[in-house]
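Visitor: So that you can map any letter, position 23 of the sequence shown is 22 in numbering that gives the first Met the number 0, and since no number is skipped, the others follow by simple counting.
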Amino acid sequence: MSLRKEERREVVLRIFRGTGSDRSKDRYETFTVPYQKDMVVLNAIHYIQSHLDSSLSARWNCKAGRCGSCSAEINGVPRLMCKTPVDRYDGEITVEPMKAFPLIRDLVTDVSDNYRVAKMIPPFTPSVATDHVWRMYQEDVEKSQEFRKCIECFLCQDVCHVIREHKAEYIGPRFVVKAASLDMHPLDALNRSAFMKDNAGLGYCNITKCCQEICPEHITITDNAIIPEKERVVDRHYDPLVWLYRKITYRSVKQNAKQ
Ligand code: SF4
Ligand code: SF4
Ligand code: FES
C-alpha cells in the first residue's frame, strides 16, 4: 500500500559508491534524509552532499530536466534524478550510476564515447546552397522537430541491451534519432542507408521499445526514428524491385556515358 505524503517523515536512499579505478571497493551506502514536499531524488542527493557526506559524487546542472546531466538508475530503471519524485517509491530508493558507461566515481559515468559516435553520423548535406530561399511545409517541420527535443541524457543508450552487449557494433537509439532527424529534413539530400546498414549496426536493434519507454522527452524513438530508418535500409538494399531498377538505371547511365 502506498505511503501517504502526510505520513512520510524521511527518505531512505541506498547509494552506489565506488571508483572506476578500483572496482574491489564498490559498495552501497544507506542514507536517511528528511522528507520535503515535492522532493525529487536529486534534492535528496544534494541534502546528503551538504549534511551527511560531502564526498558523494553526482553530476547535475539545471535541476529542470533540460541539461541531461543527472542521469542515473533509480531502482534499476534509467531516469533523470531531477525529474524523479521520491513519492514514486514507498520504501528504500536505490540509486546507481548508468551501467552502460564506464564508472568515474559514485553516480558519475564517462559518457564521452557518445561524442565520438556523434561524429560518425554523416552530416547535414543540403541539396541546394544554404542561402537559397526555401519554403518548408509544417508537415516536414513536424517530422524532425520531435527529434530536436533530445537533451542527450543518454538514458536510451543506457537501457538498450544491444549497447550493453555489443557496444562497438551499434551506434544506439540516440544516434538513430540523430540520423533520422537529418534524413527527414526536406533540405537534406544524402542517403545514409548504407551507413546505417554497414557502419551503424542498425540490424542489431530488435525493436524492443525499451528506449522509447524511458525517454524523458517522450520521443517516440522506435516508432518514429528506428523503424523508418530500418525501412529505408530495406527499401534501398533488400527490395528486389528497387534493386532491379537501380541495376537498370545504373547500366543505362554507364552506357550513356560511353556514347
Ligand atoms: S532520445 Fe530521449 S532518452 Fe535518448 S538521449 Fe535523447 S532525450 Fe535522452
Ligand atoms: S528498440 Fe532497439 S535501440 Fe531501443 S532499446 Fe530496444 S534494441 Fe535498443
Ligand atoms: S540536472 Fe539537468 S536534467 Fe537533471
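Using N, Cα and C, we set each Cβ at its ideal position, and we do this for glycine too.
#1: Please confirm whether any heavy atom of ligand 1 lies closer than 7 Å to the CB of Phe-174.
#2: Using only alpha-carbon positions, find the residue among Val-232, Trp-59 and Cys-204 that is nearest to Glu-164.
#3: By a C-beta neighbour count over all protein chains shown, 10 Å radius and 16 as the cutoff for buried, is Lys-257 buried or exposed?
#4: So is Glu-141 buried or exposed if we call it buried at 16+ other beta carbons inside 10 Å?
#5: Closest to Thr-207 by CA distance: which of Leu-186, Cys-155 and Arg-58 is it?
#6: Give every residue whose Cβ lies closer than 7 Å to any heavy atom of ligand 3, listed in chain order.
#7: Does Phe-194 have its Cβ less than 8 Å from a Cβ in chain C?
#8: For Leu-266, verify whether its CB is less than 7 Å away from any heavy atom of ligand 1.
#9: Rank Ala-71, Gln-211, Ala-117 and Phe-153 by C-alpha distance to the C-alpha of Arg-104 and give the top, closest one.
#10: For Phe-194, report the span of its alpha helix (DSSP H) as first-last.
#11: Measure the alpha-carbon distance for His-50 versus His-236 and round it to whole angstroms.
#12: Could you spell out where the alpha helix (DSSP H) holding Lys-118 opens and where it closes?
#13: From this set, Arg-22, Arg-8, Met-80 and Asp-197, which residue's C-alpha is nearest Lys-36's C-alpha?
#14: Using 8 Å as the threshold, is the C-beta distance between Ile-44 and Met-97 below it?
#15: Could you check where the beta strand (DSSP E) with Val-40 kicks off and where it finishes?
#16: My understanding is that Cys-159 touches Cys-209, with C-beta atoms under 8 Å, so please give their C-beta distance in whole angstroms.
#17: Using a Cβ-based criterion (distance less than 7 Å to any ligand heavy atom), does Ile-120 qualify as near ligand 2?
#18: Below 8 Å on the Cβ atoms is my contact criterion, and I expect Ala-193 with Ile-170 to pass it. Report the Cβ-Cβ distance as a whole number of Å.
#19: Any idea if Gln-137 is buried or exposed, counting beta-carbon neighbours within 10 angstroms, 16 or more meaning buried?
#20: DSSP three-state call for Val-127: helix, strand or coil?
#21: Compute the minimum distance between the beta carbon of Lys-229 and the heavy atoms of ligand 2, and state whether it is under 7 Å.
#22: Is any non-hydrogen atom of ligand 1 found closer than 7 Å to the C-beta of Pro-125, if you look at the structure I gave you?
#23: If distances are taken between C-alpha atoms only, which option among His-131, Leu-12, Ser-143 and Asp-109 comes closest to Tyr-88?
Guide: So, to answer that:
#1: Position 175 of the sequence shown, counted from the first residue, corresponds to residue 174. No - ligand 1 has no heavy atom lying nearer than 7 Å to the Cβ of Phe-174.
#2: For the purposes of this step, residue 164 is taken as the residue at position 165 of the sequence shown. Answer by Cα proximity: Cys-204.
#3: Working through the sequence shown from its first residue, we reach residue 257 at position 258. Low confidence applies here, because Lys-257 scores a pLDDT of 39, under 50, leaving its location unreliable; read the following figure in that light. Counting Cβ neighbours within 10 Å, Lys-257 comes out exposed, since fewer than 16 surround it.
#4: Counting from one through the sequence shown, the residue named residue 141 turns up at place 142. The residue is exposed, with fewer than 16 neighbouring Cβ atoms inside 10 Å.
#5: Sequence index remark: in the sequence shown, residue 207 carries index 208 (1-based). Ranking Leu-186, Cys-155 and Arg-58 by Cα distance to Thr-207 puts Cys-155 first.
#6: Leu-41, Trp-59, Asn-60, Cys-61, Lys-62, Ala-63, Gly-64, Arg-65, Cys-66, Gly-67, Ser-68, Cys-69, Leu-79, Met-80, Cys-81, Lys-82, Ile-150 and Cys-152
#7: In the structure shown, chain C cannot be found, because there is only a single protein chain.
#8: Past the edges of the chain, shown from 0 to 258, lies residue 266, and the structure says nothing about it.
#9: Position 105 of the sequence shown, counted from the start, is the residue given in the question as residue 104. It is Ala-71.
#10: For this step, residue 194 is matched to residue 195 along the sequence shown. Phe-194 -> alpha helix (DSSP H) spans 192 to 197.
#11: Here residue 50 refers to the residue found at position 51 of the sequence shown. Here residue 236 refers to the residue found at position 237 of the sequence shown. Rounded to the nearest angstrom, the two C-alpha atoms are 59 Å apart.
#12: Position 119 of the sequence shown, counting from 1, holds the residue named residue 118. 112 to 119 is the extent of the alpha helix (DSSP H) around Lys-118.
#13: Residue 36 sits at position 37 when you count from the first residue of the sequence shown. Residue Arg-8 is the option with its Cα nearest to Lys-36.
#14: In the sequence shown, residue 44 corresponds to position 45, counting from 1. In the sequence shown, residue 97 corresponds to position 98, counting from 1. Taking 8 Å as the Cβ cut-off, Ile-44 and Met-97 do not qualify as a contacting pair.
#15: For the purposes of this step, residue 40 is taken as residue 41 along the sequence shown, with counting starting at 1. It is not in any beta strand (DSSP E) - Val-40 instead sits in the alpha helix (DSSP H) that spans 40 to 46.
#16: As a first step, residue 159 is located in the sequence shown; it is residue number 160 there, counting from the start. As a first step, residue 209 is located in the sequence shown; it is residue number 210 there, counting from the start. Right, the Cβ-Cβ distance comes to about 7 Å (below 8 Å), so this counts as a contact.
#17: Translated into the one-based positions of the sequence shown, residue 120 becomes position 121. It does not: the Cβ of Ile-120 is nowhere closer than 7 Å to a heavy atom of ligand 2.
#18: Counting from 1 along the sequence shown, the entry for residue 193 is found at position 194. Counting from 1 along the sequence shown, the entry for residue 170 is found at position 171. That belief does not hold up - the Cβ atoms of Ala-193 and Ile-170 are roughly 14 Å apart, past 8 Å.
#19: The residue labelled residue 137 in the question sits at position 138 within the sequence shown. That one is exposed.
#20: Walking along the sequence shown from the start, residue 127 turns up at place 128. Val-127 falls in the coil class under three-state DSSP.
#21: Taking the first residue of the sequence shown as 1, we reach residue 229 at position 230. Not under cutoff, so the answer is no.
#22: Sequence index remark: in the sequence shown, residue 125 carries index 126 (1-based). Incorrect: Pro-125 has no Cβ contact closer than 7 Å to ligand 1.
#23: Within the sequence shown, the letter at position 89 stands for residue 88. Nearest option by C-alpha distance: Leu-12.
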